[in-house]
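Residue numbers (the numbering used here), protein chains in the order written: chain A, 1 to 115; chain B, 1 to 117.
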Amino acid sequence: AQKVTQAQTEISVVEKEDVTLDCVYETRDTTYYLFWYKQPPSGELVFLIRRNSFDEQNEISGRYSWNFQKSTSSFNFTITASQVVDSAVYFCALHLTSGTYKYIFGTGTRLKVLA
Amino acid sequence: DTGVSQNPRHKITKRGQNVTFRCDPISEHNRLYWYRQTLGQGPEFLTYFQNEAQLEKSRLLSDRFSAERPKGSFSTLEIQRTEQGDSAMYLCASRPDRSYVSDTEAFFGQGTRLTVV
């Protein structure tokens, strides 16, 4: 079975703090993709980052960075120097390359950045 | 290109009525998805189209739900005999039909919020 777990329901930080959002996934497939999406109050899911299962290199893109570890099936996402505009619900998602076309989402983590 | 467009943005209907939502994907995006999202939950997959062919349906898609994508362009999602449990945000997403790693993400619309009273 495929599953995505985001254990953190809600996180509150003060502006300029760094924050890490956790994501643990389950799949028996060897080829898959992982994503992070942001959902602001407007409701639209905004794509942030992707990673494929063959590339465990961690990267930094602006204030965003991610830590992908296949050994622990984790795909954590970090926002550096958080800003109030980062306040939103963040979803981790899993996409397989065979057997199903769907994206499997976690339950989301609500991030509140306080001024 | 204005992204994925969904209409209406909000719909309030009485229980038992039929409703239809429309999704216009990003042009030239062959793949189209419908998802449902209830309060405090992540999006749940409903159905998937590749061009006009409906290739995958979730068990969540009961007999009261039907989706179409005539000519492989826009898509409609109809709910017949609505129930209060159908109240949710209905999201549409699209992506191009290419296998490049850089094109694997789906782009979502702003959703249609359905309230059944």
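Backbone N, C-alpha and C define an ideal beta-carbon position, used for all residues, glycine too.
Everything numeric in this text was worked out from a predicted model, so none of it was measured.
Cutoff 7 Å: T118(A) Cβ touching any chain B Cβ: In the structure as shown, chain A begins at 1 and stops at 115. Residue 118(A) is therefore absent and cannot be evaluated.
Cβ neighbour criterion (16 or more within 10 Å) applied to T115(B): Residue numbering aside, residue 115(B) sits at position 115 when the second sequence is read from its first letter. Flag for T115(B) reads exposed.
Contacts around S5(B), its chain only, beta-carbon distance under 7 Å, and the 5 residues preceding and following it disregarded: Locating residue 5(B) in the second sequence gives position 5, where the first residue counts as 1. Hits under 7 Å: D24, G109.
S65(A): first and last residue of the uninterrupted beta strand (DSSP E) it sits in: Your numbering for residue 65(A) matches position 65 in the first sequence. Element bounds for S65(A): 64-69.
As assigned by DSSP and simplified to three states, the class of Q54(B): In the second sequence, counting from the first residue as 1, residue 54(B) sits at position 54. Of the three classes helix, strand and coil, the one that applies to Q54(B) here is strand, per DSSP.
Chain-ordered residues of the stretch 29-50 of chain A with a beta carbon less than 7 Å from chain B: Y33, F35, S42, G43, E44, L45, F47, R50
Other residues of its chain near K38(A): CB distance less than 7 Å, five sequence neighbours each side excluded: The residue you call residue 38(A) lines up with position 38 of the first sequence. Cβ neighbours of K38(A) beyond the five flanking positions: V46, L48, A88, Y90.
Residues, ordered as in the chain, of the stretch 59-78 of chain B that lie near chain A by beta-carbon distance below 9 Å: none
Within 7 Å, strictly: CB atoms of E10(A) and R110(A): Numbered from its first residue, the first sequence carries residue 10(A) at position 10. Numbered from its first residue, the first sequence carries residue 110(A) at position 110. Yes; because the gap between Cβ atoms is below 7 Å, this pair is in contact.
Residues near G144(B) in its chain [Cβ-Cβ closer than 7 Å; skip 5 each side]: Here chain B has residues from 1 to 117 only, and residue 144(B) is not among them.
Buried or exposed (CB count within 10 angstroms, at least 16 for buried), T104(B): Reading the second sequence from its first residue, position 104 is the one you call residue 104(B). Burial call: buried.
Short CB-CB distance (under 7 Å) between K102(A) and chain B: As a position in the first sequence, residue 102(A) is number 102, starting the count at 1. True, the Cβ-Cβ gap to chain B drops below 7 Å.
Residues within the stretch 44-58 of chain B neighbouring chain A, beta-carbon criterion of under 7 Å: F45, Y48, L55, E56
C23(B), enclosing beta strand (DSSP E) - first and last residue: Your numbering for residue 23(B) matches position 23 in the second sequence. Residues 19-24.
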